[in-house]
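Novice:
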Amino acid sequence: MDKKLEPIVKALQEKFSATLEEFRDEAHLFVKPEQIVEALTILRDEHNFELLSALTATDYWPQQEPRFHVVYQLTSLAKNLSLQLRVPVNGSDPKVPTSTGVYAVANWRERELLDMFGIEFDGHPDPRRILMPEDTVGHPLRKDFPLGYEEPQFTFNLEEIDLRKPYAKE
Amino acid sequence: MAQIEEVSIGQFKHLVSERALTGETMLLNMGPQHPSTHGVLRLLLELDGETVVNCIPDIGYLHTGIEKNMEAKTYQKAEVMTDRLDYMNTMGNNLAYVMAVEKLVDVDVPVRAQALRVILVELQRIASHLVWLGAFGLDLAAMSVFLYCFRERELILDIFEMVSGQRMMTTYIRPGGLWRDVPAEFETAVRDFLKIFPKRIDEYEALMTRNPIMMDRLLQIGYLDPAVALQYGVTGPTLRASGVDWDLRKSRPYMGYEQYDFNVPVRTEGDTFARYIVRIEELRESLKIIEQAMNKLPMGPVRSENRKFVPPPRSELGTSMESLIHHFKLWTEGFPAPKASIYSAVESPRGELGVYLEGDGGPKPHRIHMRTPSFDNLAVLPEIVKGHLVADLVAILASIDIVLGDIDR
Numbered sequence: 307m308d309k310k311l312e313p314i315v316k317a318l319q320e321k322f323s324a325t326l327e328e329f330r331d332e333a334h335l336f337v338k339p340e341q342i343v344e345a346l347t348i349l350r351d352e353h354n355f356e357l358l359s360a361l362t363a364t365d366y367w368p369q370q371e372p373r374f375h376v377v378y379q380l381t382s383l384a385k386n387l388s389l390q391l392r393v394p395v396n397g398s399d400p401k402v403p404t405s406t407g408v409y410a411v412a413n414w415r416e417r418e419l420l421d422m423f424g425i426e427f428d429g430h431p432d433p434r435r436i437l438m439p440e441d442t443v444g445h446p447l448r449k450d451f452p453l454g455y456e457e458p459q460f461t462f463n464l465e466e467i468d469l470r471k472p473y474a475k476e
Numbered sequence: 003m004a005q006i007e008e009v010s011i012g013q014f015k016h017l018v019s020e021r022a023l024t025g026e027t028m029l030l031n032m033g034p035q036h037p038s039t040h041g042v043l044r045l046l047l048e049l050d051g052e053t054v055v056n057c058i059p060d061i062g063y064l065h066t067g068i069e070k071n072m073e074a075k076t077y078q079k080a081e082v083m084t085d086r087l088d089y090m091n092t093m094g095n096n097l098a099y100v101m102a103v104e105k106l107v108d109v110d111v112p113v114r115a116q117a118l119r120v121i122l123v124e125l126q127r128i129a130s131h132l133v134w135l136g137a138f139g140l141d142l143a144a145m146s147v148f149l150y151c152f153r154e155r156e157l158i159l160d161i162f163e164m165v166s167g168q169r170m171m172t173t174y175i176r177p178g179g180l181w182r183d184v185p186a187e188f189e190t191a192v193r194d195f196l197k198i199f200p201k202r203i204d205e206y207e208a209l210m211t212r213n214p215i216m217m218d219r220l221l222q223i224g225y226l227d228p229a230v231a232l233q234y235g236v237t238g239p240t241l242r243a244s245g246v247d248w249d250l251r252k253s254r255p256y257m258g259y260e261q262y263d264f265n266v267p268v269r270t271e272g273d274t275f276a277r278y279i280v281r282i283e284e285l286r287e288s289l290k291i292i293e294q295a296m297n298k299l300p301m302g303p304v305r306s307e308n309r310k311f312v313p314p315p316r317s318e319l320g321t322s323m324e325s326l327i328h329h330f331k332l333w334t335e336g337f338p339a340p341k342a343s344i345y346s347a348v349e350s351p352r353g354e355l356g357v358y359l360e361g362d363g364g365p366k367p368h369r370i371h372m373r374t375p376s377f378d379n380l381a382v383l384p385e386i387v388k389g390h391l392v393a394d395l396v397a398i399l400a401s402i403d404i405v406l407g408d409i410d411r
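Chains as they are written, first to last, in the working numbering: chain A, 307 to 476; chain B, 3 to 411.
#1: With 9 Å as the C-beta to C-beta threshold (strictly closer), list the residues of the stretch 346-366 of chain A near chain B in chain order.
#2: Which residues, in chain order, does the stretch 213-235 of chain B contribute to contact with chain A at a C-beta distance below 9 Å?
#3: Looking at chain A, is there any beta carbon in it that lies within less than 8 Å of the beta carbon of D378(B)?
#4: Answer with yes or no whether the minimum CB distance from M307(A) to chain B is below 8 Å.
#5: Counting C-beta neighbours from all protein chains within 10 Å, is the total for Y259(B) 16 or more, i.e. buried, or is it exposed?
#6: First and last residue of the alpha helix (DSSP H) that includes I404(B)?
#7: Determine the extent of the alpha helix (DSSP H) in which P37(B) is found, giving its start and end residues.
#8: If we define contact as Cβ-Cβ less than 8 Å, is Y378(A) a contact residue for chain B?
#9: Do A317(A) and the ligand MN come close, with the Cβ less than 7 Å from some heavy atom?
#10: Hey, which unbroken runs of the alpha helix (DSSP H) at 4 residues or more fall wholly within the stretch 373-403 of chain B?
#11: Hey, would you say P338(B) sits closer than 8 Å to P365(B), going by beta carbons?
#12: Using 8 Å as the threshold, is the C-beta distance between I327(B) and E73(B) below it?
#13: Quick one, are the C-beta atoms of H334(A) and R373(A) less than 8 Å apart?
#14: Taking beta-carbon pairs under 8 Å, can you tell me which members of the stretch 54-72 of chain B lie near chain A?
#15: Do three or more CB pairs link the stretch 18-26 of chain B to the stretch 381-393 of chain B at distances below 8 Å?
#16: Mind checking if V478(A) is an interface residue toward chain B, Cβ cutoff 8 Å exclusive?
#17: Taking a contact to mean a Cβ-Cβ separation below 8 Å, would you say S343(B) touches L359(B) in this structure?
#18: For D85(B) and M93(B), what's the separation of their Cα atoms in angstroms?
#19: So the candidates are P446(A), A324(A) and E352(A); which of them puts its Cα closest to the Cα of E418(A)?
#20: With 8 Å as the threshold, decide whether the Cβ of N386(A) is near any Cβ in chain B.
#21: Within 8 Å of any Cβ in chain E, is that where the Cβ of Q370(A) sits?
#22: Below 8 Å between beta carbons: does that hold for S401(B) and F138(B)?
#23: How is Q116(B) classed by DSSP in three states: helix, strand or coil?
#24: Tell me, please, whether the CB atom of I272(A) is closer than 8 Å to any CB atom in chain B?
#25: Determine the DSSP secondary structure at K310(A), reduced to helix, strand or coil.
#26: By the three-class DSSP mapping on this structure, what secondary structure does D85(B) have?
#27: Using the beta-carbon count (16 or more within 10 Å), is G454(A) buried or exposed?
#28: Going by other Cβ atoms of all chains shown within 10 Å of its Cβ, with 16 needed for buried, is I404(B) buried or exposed?
#29: Can you pull the chain B residues whose beta carbon is under 8 Å from the beta carbon of I436(A), in chain order?
#30: Taking 6 Å as the limit between beta carbons, can you name the residues of its chain near V120(B), skipping five residues before and five after?
#31: So which residues on chain A does L416(B) lean against when the C-beta distance must stay under 7 Å?
#32: Output, in sequence order along the chain, the residues in the stretch 342-365 of chain B whose CB is closer than 8 Å to any CB in chain A.
#33: Among K70(B), G389(B), R352(B) and G12(B), which residue has its Cα nearest to the Cα of G235(B)?
#34: What do you get for N463(A), buried or exposed, if any count of 16 or more other CB atoms within 10 angstroms of its CB means buried?
#35: If you measure between the beta carbons of V357(B) and Y99(B), is that distance less than 8 Å?
#36: Note down, in chain order, all residues in the stretch 173-186 of chain B with a beta-carbon under 7 Å from any beta-carbon belonging to chain A.
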């Protein structure tokens, strides 16, 4: 971990009783869902983390508690530092308060997480799907969502496979 | 088949102004099939006469589930998907992904491979900016610039074909180094390009920079405030044209960028013209980097000797039992990565291209997320275009240089 980052991490750890993980010089801080907006505000206003570089999630299915980690990757331009906040979320009712008020970039990124993982962001101004069509069932990046597959057609089984293909027949 | 419901204004009620609901302003679709949206992007515009009141981008037409697909492949085989992300920056995407894998499993890269990577990525940056410049000119009705830009881009694609066998989907940069060393003709081809290209940049500038029509269309159009830009996560030339000096090649050097002497062009005007100038300047700076890297290109291997992650050369397979086992294991099973996550970012022609990569102890990634710059750069568009004419919207959209493959993933 960077020397300049240590006091910032320590202050946050004490304030939010957050746990710290380190891997290859990266610092990952675990905070609770209800603390995330405050933590982001403190980092932006007091520690110059102007840029929310990435906002993503990962799914640990079949583990249910916590099933998801929402990942906030922050960058400070003035101090040239990086810090990652992780928010563990349960699988039964995944909900995190929205951070659109702190970083405007979170608007589209949270819509992406809603679309891909079904994680809801409380108070989001525009909770629509962003990448998938409106009538999609399910959330594609969840681990229990099957990866699509198309049967290869050859001359000997072309018509047989054609019958079970899902596109519209005349 | 699910019944597709008709789209009603109710869905967008919170995004448009009151006047749209009473029918005072007009809602108009620009796209998905529209030449100036650079792909399949739909902009829902709320227009008062010809003035844009609100702009609601609708993306996802090119969504191919690349992140999900990569989770089902081993680390080596997933790399081909990165070419398909931002099809104007294939070498850069390879580099971003490969650097993330190398950081996760901790492999060192030989210096010759590092220098060659820099040369190829900078060539790719020039090619990407050339496509941007051509399309930018085309959107402003300057047809000839497009033809000139594609003529020079062809020289770069020829170099890529020479080294990797492919013009666009190269997959040349591999974990631990490169696929193979560059051929003997590589040096002459790059030197020729370095000789030709500076004069060609002057030609583009003679055509465009002081052209009165360009000045009218670009100056003081589409001002982007630096604070707003950072709020929206805008990076790359679009951010630097708003006066924020932030380039990952300078601030967090990777692949030995710290050895090369180059400037980061920054403009403070924040308008469409500034974004144009910054990219033109970047063409010259990239040339400087390529020339320095060519001059001190070290000799030596281009792949790491760590056989646990990098397949052995073909010549060893016939004589060494161990090499054969390594080759077999790497191409059937892949190499395992630790159960941990990393984030690694590079400066692509469009901004910060970050890769969030998480391993689960096995040979396939547990989760991979590409933080693509165009996604965030497009999100700021509604803020810039409010109050501008539709014709200016076309110029602004062209100036932020989006690639839809990069947005939709």
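Each residue gets a CB set at the ideal place from its N, CA and C atoms; glycine is no exception.
Specialist: If we stick to the structure as given:
#1: E356, L357, L358, S359, A360, L361, T362, A363, T364, D365 and Y366
#2: A229, V230, L232, Q233, Y234 and G235
#3: A Cβ of chain A is located within less than 8 Å of the beta carbon of D378(B).
#4: no
#5: buried
#6: Careful: I404(B) lies outside any alpha helix (DSSP H) and carries neither H nor E.
#7: Here P37(B) belongs to no alpha helix (DSSP H), and DSSP marks it neither H nor E.
#8: By this cut-off, Y378(A) is not an interface position.
#9: Ligands displayed in this structure: none; no statement on the ligand MN is therefore possible.
#10: 375-381, 383-387 and 392-401
#11: yes
#12: no
#13: no
#14: I61, G62, H65, G67, E69, K70 and N71
#15: no
#16: Since the displayed chain A opens at 307 and closes at 476, residue 478(A) lies outside it and no answer follows.
#17: yes
#18: Roughly 8 Å between the two C-alpha positions.
#19: P446(A)
#20: yes
#21: Although the question refers to chain E, the structure presented lacks it and instead comprises the protein chains A and B.
#22: yes
#23: helix
#24: Lying outside 307 to 476, the shown extent of chain A, residue 272(A) is not represented and no answer is given.
#25: coil
#26: helix
#27: Exposed, because fewer than 16 other Cβ atoms sit within 10 Å of the Cβ of G454(A).
#28: buried
#29: I61 and G62
#30: M257 and A295
#31: With chain B covering only 3 through 411, there is no way to say anything about residue 416(B).
#32: A342, S343, I344, Y345, A347, E354, G356, Y358 and E360
#33: R352(B)
#34: exposed
#35: yes
#36: none
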